[in-house]
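Here is the structure we will look at.
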Amino acid sequence: MHTYYTFSLLGLLLFTACDRKKDQPPQTEDFSCIKLYDEQGQDLGIYGNCSTSKDWTNITLTETEKGYLNFSDTVSLAGTSPTTVNSFGIAPCPVTLGGAMLVHVGKDFNSEPVKLKLAVIDEELNVIQKVAVRIGPGNSIHLFVDPALYQTGQYYRMYYQISAQGAPVLFEGYGNFLVCKGPIQVGNIETECM
């Protein structure tokens, strides 16, 4: 009988220890280092407590980061073609709540279409928006900064992956952005966004 109680107590302790993760706060990331761009996509520097940033560059994503882009979509790779992609970005940054954000793929203007997958997450790592589209001549799309999805004064991270038939990854990475009440001047970020 003593052995039964000992094993029961050990089982209860093990169950309690395994259940401990529920008490831990949610995992968060700091996205407050952002590259600033005007409406035309001109670089205006970096904002935040940082001096450099890998935002909006071609970097290899971790498996966890690639997981955000691993969602079902109906965009076929048929008719797409590998091409050189040398840049990716958004404009403006910060973006305006209720406005449009230009998403630009830097490739030859007249090249064949490519597939673009995007996933936007908040600092608590919740997926806010997922998009899969073909990018053809023109190389850009506009995304609506929906007030039902985004909040002013909040930072977000956009993961992106560009692919084509026969080329699963042409360009991938991420970029952080901030949502503001309206268009801002660089010196007014605290008053217009926070």
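According to the numbering used here, the sequence shown is numbered sequentially starting from 2. Glycine included, every Cβ here is placed at the ideal spot set by N, Cα and C.
Item	Value
So, for Ala168: in the same chain, excluding its five sequence neighbours on each side, which residues have a beta-carbon less than 7 Å away from its beta-carbon?	Pro83
By the DSSP assignment, the alpha helix (DSSP H) with Lys108 in it spans what residues?	Counting along the chain, Lys108 falls outside any alpha helix (DSSP H), though it belongs to the beta strand (DSSP E) covering Ala101 to Lys108.
Cutting at 6 Å between CB atoms, please list the residues of its own chain near Arg158, excluding the five before and the five after it.	Phe32, Ile122, Tyr175 and Asn177
Beta-carbon separation of Asn59 and Val106 under 9 Å?	no
Assuming contact is defined by CB atoms lying nearer than 9 Å, are Gly42 and Leu103 in contact in what I supplied?	yes
Are the CB atoms of Tyr48 and Ile190 within a distance shorter than 9 Å?	yes
Hey, quick one: how far does the beta strand (DSSP E) through Ile91 stretch, first residue to last?	Val86 to Ala92
Measure the C-alpha to C-alpha separation of Thr81 and Thr192 and round it to an integer number of angstroms.	44 Å
Since Val180 and Tyr161 should fall inside the 8 Å C-beta cutoff, what is the C-beta to C-beta distance between them, to a whole number of angstroms?	Not quite, the Cβ-Cβ distance comes to about 18 Å (not below 8 Å), so this is no contact.
Please return the same chain residues whose Cβ sits closer than 7 Å to the Cβ of Pro148, not counting the five positions on each side in sequence.	Leu98 and Gly99
Would you kindly report the start and end of the unbroken beta strand (DSSP E) that includes Glu173?	Ala168 to Cys181
Just the Cα atoms here: how many angstroms apart are Asn87 and Lys108?	6 Å
Using three-state DSSP, classify Thr81 as helix, strand or coil.	coil
Can you tell me whether DSSP reads Thr63 as helix, strand or coil?	coil
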